[in-house]
Each structure stands twice: as structure tokens, then as C-alpha cells.
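Engineer: Okay, so the sequence shown: first residue is 104 according to this note's numbering, each after it adds one. Backbone N, C-alpha and C fix where the C-beta goes; we use that ideal spot for every residue, glycine too. The structure follows.
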Amino acid sequence: MLNSYLTPSASDKDAYVTSEPITNAEVAETSDFKKVVQFLALVLFSLGVNYFAPKFVAPVVWISVLVAYFRSKDEGFWLAYFLVLSDGFFGFFGMYSAMLEAIPGLPGVEVGQIYIILGFVKAAKLPKTYKPFYQDILIILLIYLIFLLVQGYAIGVSFELNVQFRLIKWMVPLFLFYSLPRLFTRVEQYRDVFLYLFPVAIVALGAQIFTITTSHSPMQNFGVQAKAKFAIKVTKEKTYRGLYNESILLITTFGALLFLALRPGKYFKSWYCFAVVLANFASVFLSATRGWVICFSFATIMSMLFVLKMSFNRIMSIMLIGLIFLFGAQSLPVIGIQIENAVRRLLTLEKLAEGDMSAGGTLIRLNTRGPRVMKKFEESPLTGFGFSNEFMHADDFHVGNQNILLHSGIIGYALLHFFFLYFMFKMFARSLDLPPEHSYKGALRYFCIFFPAWFMLHSSSQQFFSYYQTVQGGLIFALFFCSGALLYEKSRHEE
């Protein structure tokens, strides 16, 4: 029988010292509710400052929150906050939205970049409590990354300051692989991240419904933005293709299913985790994006079957609830049309299976984008083009695997994918070594299910994995692998 037991926040007293668990579920839930309210209040305040206050106010607020973070030990709160700034909230914020003008005349610096640098400084002052099992391979990848930088300069890269700053911005998110294992030393700290992000994911579904029904994005509606390319009037001939909070949707789906596998009911109530998964699936389904639907479907179904090991009746009950929501949504005229369009777009995969590389004219990755990138890759197949002008001019994030080859060549591609395979092998092997009743057994196995689903998305929709990262990409990338390293380590000591 699943209980509603909740653990205390990792921010209580000291984020780096284990505290006694709260045994009163009601007290814990009340405390969590207050924390989420405070988090959302800060997000809404930041939104107002960034978009509606005089221009000079936002930099003051960004500096203030960065100082507050540097003095704080509540790592989960601040990681979630800066991820929201970089990925969005109800259609507001996103990449290059929360900026600081560091040097006059140059593009601003994302606040999230500075957060990562400050986290690196904080981590350097802390003792190393454990060594991630994949650290040696990361060192090899770091050496190859340095080679790609040197190669880029050898082939030719612009020395304009904006280009040089772009290279630095691409590197900074990778610092998270150093800082997170030192800053996040307990499962409860990762739990805190999702405590704050789950409501944001649900709000993203609200943004989807708002945009589809009104034909305007929230930013358009509030007069912040004149046009939004994806905000269209949905008809039987025109399908809405927008998707809000891509990184948060991805990582919260991972988190919801992870905490269902990890001591179900202890960290979050089971119904809440399923509600997050359902809301996220609804968001991606309404976007009519095939890769996202396949990714989320695979992760959810495989988790229910092989990790949660749910009974047939339980699975059918969840599917029934989903169908009820689906038919209910179809009663809304515009939503109903979009659902029909989404189903019709998903069915084009049948044409792909029959040999139509364009999937009925709806897919140009396989017959246009991919070949174009591979043609350039053939000029330097062994090591690619590194961080050179030639790579920057030819790269295409719509074709993830081809773009990795273009950037790092066959050697870089092999090294990166060896890291992925090694990670999954170690996690799966460790799960096999654990007894059936061990609380981490299912969670470790779950990583080996979610990553292939994520890789499908990387291969079919847009690039997620590379030798460089955006702020939001780096945050979810590090969250996934570093939380896996922590659970692996704890499984060795908590038999």
C-alpha cells in the first residue's frame, strides 16, 4: 500500500548535512506547499520585473538573486529557479530572456550562465564526498573537448569578441558536471528540484491550451510580443506546432517516473507524479510533434511494465483516465481540431515505414537536413570541424547525430556514445546486483529506460547531446547523469 510519506526539504538548516526525517506527513505537505508558493511568487515577481518594470530594475534584481544564491545552501530551489529563467514560465522567459550586460557593446550574458559559474566556485570550496563512477570517462571527454577547441582555431574561427564569448557560453554549462556532485549530495536535494519544477510543467500545459484556443501566445496577449511564429489559428488545414518548456517537460517526466520507482509515495504522492506525466504528455501531444510523443510514450509505458511492474488492471485504469481527458478535451472545438490534426500527423509515420523518407512531405530531416550536414562531414570525417567557423555555418540542431559527427567526427561520436553506453551498463549491472527488495533497484533500472527514450528524441526531433550546451540543456543533462551517479553511489552503501 503506497503511503504519503514526505521527506523534509534539503534546505532545512544545512543542505550538506543529513537531518532526521519528518514523520508527520501533514506538516511536511504544509511546508512543501509554502515552499512552492514562495518559489512561484519569486518567479512571478521576476517575470514582472523583466517584462513590465523600467529597464534599470531587472539588472538590480538579477544581481540580487545571484548574491542570494551564492549565500544560500538551498541548491534545489535555485537550480529550479534558474532553469525556469532559461526555459520559460507560461510562455515568458526562455533562452536569452534574463540577461545582464556585462561588457558594453557586447551581447548580454544570461543570468543562468553566471549562476553556473557561481555554483562552480561554491563547489570548489566543498569537500568531495564521492567520485561519480563515470568520472574517468569524463576526463577523456574533457581532453577531446580541448582538442576540438584547438582544432577549431587551427581550421579557423572568428576572433570577434561576440564569437569568442559564444564559445565560452557553450563551455560554461559543462561545469555542472563538476559542481553538482559536490553541491547535491543527498537524494532529498534532487527531490527539491522537482518539488518546484512539477507545478511549472503543469503551467506549461495551461500555456499550450491558452495559445491553441486564443491563437495568441501569453506574451502576445499581455502586449510583450507583437508576433509569435507558432501561434496560429488552428483549422483542419493548419496544425499548431508550438511547445513550451521543452527542457522542463523532459526533466519533470524523468523526475516523476523516477520518484515513482524510488520508494513510491515517500518523496511525492503517486497520484501527483502520474498527474505530472499525464500533463506533460498532453503538452507534447497537443504540439503534434512525433518525436516527443514517441519519447514520452516509450518512457512511460516501459517504466510501468519493467520498473513499476504495474498490474494490467492498474495500467488499464490509467489509460482509461487518459481517454476520459482526451474525449473531454475534444468537446472544446479548437482543441478537438488540434487533437485530430495531431493524430493525423502521427499517422504519417506509417508512410515513413513504407519507405517514404519525407513521411508524406512532413519530414525533411532524413531527405534534406541530414544529407546536407553529412555532405559537409565527409570533408573531415575523423575529427570533424571542432569549434570552427565552418562548423558554425553548417551545423543543424534538427539532426542531432549528424551534427555530432560534423562537430567532433567519428572519434568524438564514438567517445560520447561510449560514455552513454558505459553509464547505462553500470546502472543496469548495479540494479541486477541488488536484492529485489532494495529501494534503489527499480530507480537504477529506470535510468536505462529513460535514456533510450531521450536518445530517440535527440535523433528524431532536435539535438540534446553534444560537446557544448545551452544553460537549460546543461542543467537537465547534468541533473540526469549526476542524480544517477548519486543513486549508484548510495546503492553501494545502503544495502
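Give a yes or no on whether the C-beta atoms belonging to A304 and S320 are separated by under 8 Å.
Structural biologist: Counted from its first residue, the sequence shown places residue 304 at position 201. Counted from its first residue, the sequence shown places residue 320 at position 217. Contact check for A304 against S320 fails: the beta carbons are separated by 8 Å or more.
Engineer: With a cut-off of 8 Å, do at least 3 Cβ pairs link the region 506-513 to the region 280-294?
Structural biologist: no
Engineer: Below 8 Å on the Cβ atoms is my guess for F196 versus L150; work out the distance and round it to an integer in Å.
Structural biologist: The residue you call residue 196 lines up with position 93 of the sequence shown. The residue you call residue 150 lines up with position 47 of the sequence shown. Yes, they are in contact, since the Cβ atoms of F196 and L150 sit about 7 Å apart, within 8 Å.
Engineer: Between S406 and A378, is the Cβ-Cβ spacing less than 8 Å?
Structural biologist: Counting from one through the sequence shown, the residue named residue 406 turns up at place 303. Counting from one through the sequence shown, the residue named residue 378 turns up at place 275. It is not a contact, given that the beta carbons lie outside the stated cut-off.
Engineer: State the CB to CB distance for the pair L252 and F428, rounded to an integer number of angstroms; the pair is presumed to be in contact (CB under 8 Å).
Structural biologist: As a first step, residue 252 is located in the sequence shown; it is residue number 149 there, counting from the start. As a first step, residue 428 is located in the sequence shown; it is residue number 325 there, counting from the start. Not really, about 49 Å apart at Cβ, beyond 8 Å.
Engineer: Taking Cβ to Cβ, would you say Y81 is nearer than 8 Å to L590?
Structural biologist: Lying outside 104 to 598, the shown extent of the chain, residue 81 is not represented and no answer is given.
Engineer: Please work out which residues of its chain come closer than 6 Å, Cβ to Cβ, to K593, disregarding the five sequence neighbours upstream and downstream, and give them in chain order.
Structural biologist: Translated into the one-based positions of the sequence shown, residue 593 becomes position 490. Nothing meets the Cβ criterion.
Engineer: Would the region 551-562 and the region 402-416 be scored as touching if the rule is three or more Cβ pairs under 8 Å?
Structural biologist: yes
Engineer: Assuming K225 is part of the alpha helix (DSSP H), what are its boundary residues?
Structural biologist: By one-based count along the sequence shown, residue 225 stands at place 122. Segment 214-227, the alpha helix (DSSP H) holding K225.
Engineer: List, from N- to C-terminal side, the alpha helix (DSSP H) runs of 4 residues or more that fit wholly inside the region 306-341.
Structural biologist: 321-324
Engineer: Which value, in whole angstroms, describes the spacing of the CA atoms of L209 and R269?
Structural biologist: If you number the sequence shown from 1, residue 209 lands on position 106. If you number the sequence shown from 1, residue 269 lands on position 166. Between L209 and R269, the C-alpha separation is close to 11 Å.
Engineer: Could you spell out where the alpha helix (DSSP H) holding E540 opens and where it closes?
Structural biologist: Sequence index remark: in the sequence shown, residue 540 carries index 437 (1-based). From DSSP, E540 is part of no alpha helix (DSSP H); its letter is neither H nor E.
Engineer: Report the option in S390, F384, F409, Y525 whose CA atom is closest to the CA atom of R447.
Structural biologist: If you number the sequence shown from 1, residue 447 lands on position 344. From the listed residues S390, F384, F409, Y525, the smallest Cα separation to R447 is found for S390.
Engineer: Which partner residues does M202 have in the DSSP bridge list?
Structural biologist: Position 99 of the sequence shown, counted from the first residue, corresponds to residue 202. Within the DSSP bridge table, the entry for M202 names E213 as partners.
Engineer: Roughly how many whole angstroms lie between the Cα atoms of L426 and V337?
Structural biologist: Locating residue 426 in the sequence shown gives position 323, where the first residue counts as 1. Locating residue 337 in the sequence shown gives position 234, where the first residue counts as 1. Computed Cα separation, rounded: 22 Å.
Engineer: So the alpha helix (DSSP H) P474 belongs to, where does it begin and stop?
Structural biologist: To locate residue 474, count along the sequence shown from 1; it is residue 371. First-last of the alpha helix (DSSP H) with P474: 473-480.
Engineer: Name the DSSP beta bridge partners of F192, please?
Structural biologist: By one-based count along the sequence shown, residue 192 stands at place 89. Answer by DSSP bridge pairing, in chain order: F195.
Engineer: Mark A227 as exposed unless 16 or more other C-beta atoms lie within 10 angstroms of its C-beta, in which case mark it buried.
Structural biologist: Locating residue 227 in the sequence shown gives position 124, counting from the first residue. Classification of A227: exposed, given that the 10 Å Cβ count is below 16.
Engineer: Among S261, F280, G222, V146, which has the Cα closest to the Cα of Q572?
Structural biologist: Position 469 of the sequence shown, counted from the first residue, corresponds to residue 572. Closest by alpha carbon: F280.
Engineer: Can R468 and H520 be called in contact, C-beta distance under 8 Å?
Structural biologist: Here residue 468 refers to the residue found at position 365 of the sequence shown. Here residue 520 refers to the residue found at position 417 of the sequence shown. Their beta carbons are not under 8 Å apart, which means R468 does not touch H520 by this criterion.
Engineer: I'd like to know if the region 348-360 and the region 295-303 are in contact, where contact means that at least 3 CB-CB pairs between them fall below 8 Å.
Structural biologist: yes
Engineer: Between the alpha carbons of K158 and Q575, how many angstroms are there, rounded?
Structural biologist: Start at 1 with the first residue of the sequence shown, and residue 158 comes out as number 55. Start at 1 with the first residue of the sequence shown, and residue 575 comes out as number 472. Distance between the alpha carbons of K158 and Q575: 24 Å.
Engineer: Do R344 and S563 come within 8 Å of each other at the CB atom, strictly closer than that value?
Structural biologist: Stepping through the sequence shown from its first residue, residue 563 is reached at position 460. Stepping through the sequence shown from its first residue, residue 344 is reached at position 241. No, Cβ-Cβ distance for S563 and R344 is not below 8 Å.
Engineer: With a threshold of 7 Å on Cβ separation, who are the neighbours of N492 within its own chain once the five nearest residues in sequence on each side are excluded?
Structural biologist: Start at 1 with the first residue of the sequence shown, and residue 492 comes out as number 389. Excluding positions up to five away in sequence, the list reads G259, V260, S261.
Engineer: May I have the straight-line CA-CA distance separating V168 from Y154, to the nearest angstrom?
Structural biologist: Here residue 168 refers to the residue found at position 65 of the sequence shown. Here residue 154 refers to the residue found at position 51 of the sequence shown. Between V168 and Y154, the C-alpha separation is close to 17 Å.
Engineer: Can you tell me whether F409 is buried or exposed, with buried defined as 16 or more other CB within 10 angstroms of its CB?
Structural biologist: Translated into positions along the sequence shown, residue 409 becomes position 306. F409 comes out exposed.
Engineer: Taking all protein chains shown into account, do 16 or more other C-beta atoms lie within 10 angstroms of the C-beta of T232, making it buried, or fewer, making it exposed?
Structural biologist: Locating residue 232 in the sequence shown gives position 129, where the first residue counts as 1. T232 comes out exposed.
Engineer: Judging by CA-CA distance, which residue of V296, F583, I312, W273 is the nearest neighbour of I435?
Structural biologist: Residue mapping note: residue 435 aligns to position 332 of the sequence shown, counting from 1. What sits at residue 435 in the sequence shown is Leu, not Ile. Checking every option, the nearest Cα to that of L435 belongs to I312.
Engineer: Taking all protein chains shown into account, do 16 or more other C-beta atoms lie within 10 angstroms of the C-beta of H603, making it buried, or fewer, making it exposed?
Structural biologist: Residue 603 falls outside the range modelled here, since the chain spans only 104 to 598, and no answer is possible.
Engineer: Spatial neighbours of V380 within its chain, please: C-beta separation below 7 Å, excluding the five flanking residues on both sides.
Structural biologist: By one-based count along the sequence shown, residue 380 stands at place 277. Contacts found: T356, A359, L360, T403.
Engineer: How many Å lie between N444 and F399 at the Cα?
Structural biologist: As a position in the sequence shown, residue 444 is number 341, starting the count at 1. As a position in the sequence shown, residue 399 is number 296, starting the count at 1. Between N444 and F399, the C-alpha separation is close to 19 Å.
Engineer: How close, in whole Å, do the beta carbons of A161 and V152 come, if the pair is a contact with beta carbons under 8 Å?
Structural biologist: The sequence position of residue 161 within the sequence shown is 58, counting from 1. The sequence position of residue 152 within the sequence shown is 49, counting from 1. About 5 Å separates the two Cβ atoms, so the contact holds.
Engineer: Would you call L101 buried or exposed, if buried means 16 or more other Cβ atoms sit within 10 Å of its Cβ?
Structural biologist: Residue 101 lies beyond the range of the chain shown here (104 to 598); nothing can be said about it.
Engineer: Quick check on P230: does DSSP put it in helix, strand or coil?
Structural biologist: Position 127 of the sequence shown, counted from the start, is the residue given in the question as residue 230. Reduced to three states, the DSSP call for P230 is coil.
Engineer: Please return the same chain residues whose Cβ sits closer than 7 Å to the Cβ of A581, not counting the five positions on each side in sequence.
Structural biologist: Here residue 581 refers to the residue found at position 478 of the sequence shown. Taken in chain order, the residues that qualify are L279, F280, L283.
Engineer: At the level of alpha carbons, what is the spacing between E213 and L203?
Structural biologist: Start at 1 with the first residue of the sequence shown, and residue 213 comes out as number 110. Start at 1 with the first residue of the sequence shown, and residue 203 comes out as number 100. Taking the straight line from one Cα to the other gives about 6 Å.
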